[in-house]
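**Q** Questions regarding the structure given below will be posed in turn.
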Amino acid sequence: NAGVMQNPRHLVRRRGQEARLRCSPMKGHSHVYWYRQLPEEGLKFMVYLQKENIIDESGMPKERFSAEFPKEGPSILRIQQVVRGDSAAYFCASSPPLPNTGELFFGEGSRLTVL
Amino acid sequence: SQKIEQNSEALNIQEGKTATLTCNYTNYSPAYLQWYRQDPGRGPVFLLLIRENEKEKRKERLKVTFDTTLKQSLFHITASQPADSATYLCALGTSNTGKLIFGQGTTLQVKP
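Chains as they are written, first to last, in this note's numbering: chain A, 1 to 115; chain B, 1001 to 1112.
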């Protein structure tokens, strides 16, 4: 009965490199959300995905960031050409198909440090 | 502009007392409000959800109120314990998805 699994837990990248963060939702959950938590700030919504579909990406930066949730395998948040300002904790959350209770189940996060 | 505010200062209370945390919002019409607990280096953990047509919700030692006129939610922990020490986040939901707007969180420290 594993929860939401995120990896890597910690990732260090140099400016200009790419970061790939993975998220496996809880079993039976078909909705995945990505949130970003900057130091001393609250969680900010980035993107909401269902299998093979991006439902809402209103919180995603326009450039360098992309997300996918393929038919098979984990959801991926990809950050190209990372900059120091991308250093943050990235949390994935999942929820069951609608109708659901509304609660989100969060992973432990992936902490990205850009040198 | 839209804002959701929680007390930024840490709340320090004595074990056994009731902790009360506040969440205020402006220029939102949330369908529901949630409270989460977050420990250092960990992901948020869901605690309670209260809908716009509900005034109060309870779960064990936890109680949440929701006043849509005042645009405020209060989160109470009765008989607090040192193990309750954590950061507590409130989050607004305006649709039937998991797209939430989070406050910055209030850190609670319960002293033995």
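Where a beta carbon is used, it is the ideal one built from N, C-alpha and C, also for glycine.
What number of angstroms, rounded off, separates the C-alpha of Y1036 (chain B) from the C-alpha of L1100 (chain B)?
**A** Rounded to whole angstroms, Y1036 (chain B) to L1100 (chain B) spans 12 Å at the Cα level.
**Q** What residues from chain B crowd round S95 (chain A), counting only those whose CB sits closer than 7 Å?
**A** Ordered by position in chain B, the residues that pass the 7 Å Cβ test against S95 (chain A) are G1098.
**Q** Any C-beta of chain A sitting closer than 8 Å to the C-beta of P1040 (chain B)?
**A** No, P1040 (chain B) does not count as interfacial toward chain A.
**Q** Answer yes or no: do A19 (chain A) and V47 (chain A) have a C-beta to C-beta separation smaller than 8 Å?
**A** Going by C-beta atoms, A19 (chain A) is not nearer than 8 Å to V47 (chain A).
**Q** For the beta strand (DSSP E) that contains S75 (chain A), what are its first and last residues?
**A** That run of the beta strand (DSSP E) goes 75-79.
**Q** Near N1012 (chain B), what residues of its chain come up, given a Cβ to Cβ distance below 7 Å and the 5 sequence neighbours on each side ignored?
**A** Here the set comprises Q1109, K1111.
**Q** Does the count of Cβ pairs from the stretch 1025-1033 of chain B and the stretch 40-59 of chain A closer than 8 Å reach three?
**A** Segments in contact, no.
**Q** Is the Cβ-Cβ distance between V89 (chain A) and R111 (chain A) less than 8 Å?
**A** Per the sequence presented here, residue 89 (chain A) reads as Ala, with Val not at that position. Yes, the Cβ-Cβ distance between A89 (chain A) and R111 (chain A) is below 8 Å.
**Q** Answer yes or no: does any C-beta atom of chain A fall closer than 8 Å to that of L1049 (chain B)?
**A** Yes, L1049 (chain B) lies at the interface with chain A (some Cβ there is under 8 Å from its Cβ).
**Q** Compute the beta-carbon to beta-carbon distance between L1048 (chain B) and T1106 (chain B), rounded to the nearest angstrom, for a pair I have assumed lies under 8 Å.
**A** Between T1106 (chain B) and L1048 (chain B) the Cβ distance is about 15 Å, and since that is not below 8 Å, they are no contact.
**Q** Measure from the alpha carbon of A1010 (chain B) to the alpha carbon of each residue in B:T1068, B:T1087, B:F1075, B:A1083, then state which is nearest.
**A** Of B:T1068, B:T1087, B:F1075, B:A1083, the residue nearest in Cα terms is B:T1087.
**Q** Roughly how many angstroms separate the alpha carbons of S30 (chain A) and E52 (chain A), rounded to a whole number?
**A** Cα-Cα distance, rounded: 10 Å.
**Q** Just by C-beta distance, which residues in the stretch 34-58 of chain A are closer than 9 Å to chain B?
**A** Against chain B - using a Cβ distance shorter than 9 Å - the residues of the stretch 34-58 of chain A are Y35, Q37, E40, E41, G42, L43, K44, F45, Y48, I55, D56, S58.
**Q** Count the other CB atoms within 10 Å of the CB of V12 (chain A); is the residue buried (16 or more) or exposed (fewer)?
**A** With fewer than 16 Cβ atoms within 10 Å of its Cβ, V12 (chain A) is classed as exposed.
**Q** Can you have a look at P97 (chain A) and say buried or exposed, based on whether 16 or more other CB atoms are within 10 angstroms of its CB?
**A** Looking at its Cβ environment, which holds fewer than 16 other Cβ atoms inside 10 Å, P97 (chain A) is exposed.
**Q** Per DSSP, S110 (chain A) forms a beta bridge with which residues?
**A** Paired residue(s): A:Y90.
**Q** Using a Cβ-Cβ distance under 8 Å, would T113 (chain A) count as near chain B?
**A** False, the Cβ-Cβ gap to chain B never drops below 8 Å.
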